[in-house]
Amino acid sequence: MQVTSDTVVSIDYELSNSEGELIEKTDEPIEYLHGGYHGIFARVEEALNGKGVGETADVHLQPNDAFGDYDEKLVQVEPRNKFPAKVEVGMRFEGANDGGETLVYTVTDIADDKVVVDGNHPLAGMALRFHCTVKGVRKATQEELSHGHVHGAHGHHH
Numbered sequence: 104m105q106v107t108s109d110t111v112v113s114i115d116y117e118l119s120n121s122e123g124e125l126i127e128k129t130d131e132p133i134e135y136l137h138g139g140y141h142g143i144f145a146r147v148e149e150a151l152n153g154k155g156v157g158e159t160a161d162v163h164l165q166p167n168d169a170f171g172d173y174d175e176k177l178v179q180v181e182p183r184n185k186f187p188a189k190v191e192v193g194m195r196f197e198g199a200n201d202g203g204e205t206l207v208y209t210v211t212d213i214a215d216d217k218v219v220v221d222g223n224h225p226l227a228g229m230a231l232r233f234h235c236t237v238k239g240v241r242k243a244t245q246e247e248l249s250h251g252h253v254h255g256a257h258g259h260h261h
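The numbering of the sequence shown is our numbering, which starts it at 104 and goes up by one.
Set out below in structure tokens:
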């Protein structure tokens with residue numbers, strides 16, 4: 104079976120920076136619903152279209168194809184008393200941006216009574232290389248298509 108719209112695709116992947124340094128790699132294959140459901144980067148989906156099990160794709164992603172450009176406006180300095188007593192660099196918190204959209208903010212610095220948080224994805228602003236191998240392709244179920252995402256072997260409840 105080929106990767107086409109409305110199929111569930113299982114892939115192994117490696118994500119590297121533009122210098123070839125490994126950032127992330129799968130231990131087990133991941134699945135996504137193919138065909139514009141936003142389960143994977145659009146450029147990767149384009150590269151996988153028509154591929155079969157065992158075939159590979161190697162996609163170079165510019166920041167706007169992956170996690171976006173780095174936005175300085177998403178770095179904020181907040182009062183220390185807004186955070187738990189044991190706040191540490193690297194901790195993540197959900198918060199709303201100026202537009203009311205929920206973002207995940209990462210604590211990047213703590214000084215005296217201030218905490219610096221960054222709402223950018225850790226890979227924002229980076230060009231990336233996404234190398235993957237197709238491990239499986241199957242038709243999506245009607246339930247997966249109506250929900251717009253993969254449910255896996257045992258489904259799930261909303």
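C-beta: ideal position from N, C-alpha, C; glycine also.
Considering only their Cβ atoms, is the gap separating V253 from V111 smaller than 8 Å?
Here residue 111 refers to the residue found at position 8 of the sequence shown. Here residue 253 refers to the residue found at position 150 of the sequence shown. Yes, they are a contact pair.
Identify, in the order they occur along the chain, each residue of the same chain with its Cβ nearer than 6 Å to the Cβ of D130, setting aside the five sequence neighbours on each side.
Mapped onto the sequence shown, residue 130 falls at position 27. Excluding residues within five positions, none has a Cβ falling inside 6 Å.
Thinking E247 and L136 are a contact (beta carbons under 8 Å), I'd like their distance in whole angstroms, please.
Residue mapping note: residue 247 aligns to position 144 of the sequence shown, counting from 1. Residue mapping note: residue 136 aligns to position 33 of the sequence shown, counting from 1. 6 Å between Cβ atoms; contact.
How about the segment 166-186 and the segment 119-133: do they share at least three Cβ pairs that are nearer than 8 Å?
No contact exists between the segment 166-186 and the segment 119-133.
For V192, does the count of other Cβ atoms within 10 angstroms reach 16, so buried, or fall short, so exposed?
Counted from its first residue, the sequence shown places residue 192 at position 89. Counting Cβ neighbours within 10 Å, V192 comes out exposed, since fewer than 16 surround it.
If we ignore side chains and look at the alpha-carbon of each, how far apart do D212 and V220 end up?
Residue numbering aside, residue 212 sits at position 109 when the sequence shown is read from its first letter. Residue numbering aside, residue 220 sits at position 117 when the sequence shown is read from its first letter. Taking the straight line joining both Cα atoms gives about 7 Å.
In chain order, what are the residue ranges of uninterrupted beta strand (DSSP E) at least 3 long that sit wholly in the segment 154-216?
Segments of the beta strand (DSSP E) lying fully in the segment 154-216: 159-164, 178-182, 195-199, 205-214.
If you draw a straight line from the alpha carbon of L151 to that of L206, how long is it in whole angstroms?
Indexing the sequence shown from 1 puts residue 151 at position 48. Indexing the sequence shown from 1 puts residue 206 at position 103. Distance between the alpha carbons of L151 and L206: 29 Å.
When burial is assigned at 16 or more other CB atoms within 10 Å of the CB, is L125 buried or exposed?
Taking the first residue of the sequence shown as 1, we reach residue 125 at position 22. That one is exposed.
Assign H250 to one of three DSSP states: helix, strand, or coil.
For the purposes of this step, residue 250 is identified with residue 147 of the sequence shown, where counting begins at 1. If DSSP states are grouped into helix, strand and coil, H250 belongs with the helices.
Using DSSP with H/G/I as helix, E/B as strand and the rest coil, what is L118?
For the purposes of this step, residue 118 is taken as residue 15 along the sequence shown, with counting starting at 1. In this structure, L118 counts as strand in the three-state DSSP scheme.
For M104, is the classification buried or exposed, using 16 other Cβ atoms within 10 angstroms of its Cβ as the cut-off for buried?
Position 1 of the sequence shown, counted from the start, is the residue given in the question as residue 104. Exposed, because fewer than 16 other Cβ atoms sit within 10 Å of the Cβ of M104.
For F144 versus L226, is the C-beta spacing smaller than 8 Å?
Here residue 144 corresponds to residue number 41 of the sequence shown, with the count starting at 1. Here residue 226 corresponds to residue number 123 of the sequence shown, with the count starting at 1. Result no, Cβ atoms of F144 and L226 do not sit closer than 8 Å.
What separation, rounded to the nearest whole angstrom, lies between the Cα atoms of G153 and Y173?
Counting from 1 along the sequence shown, the entry for residue 153 is found at position 50. Counting from 1 along the sequence shown, the entry for residue 173 is found at position 70. Computed Cα separation, rounded: 33 Å.
Thinking C-alpha only, which one of V240, H224, T159, A214 is nearest F196?
If you number the sequence shown from 1, residue 196 lands on position 93. If we check each option's Cα against that of F196, H224 comes out closest.
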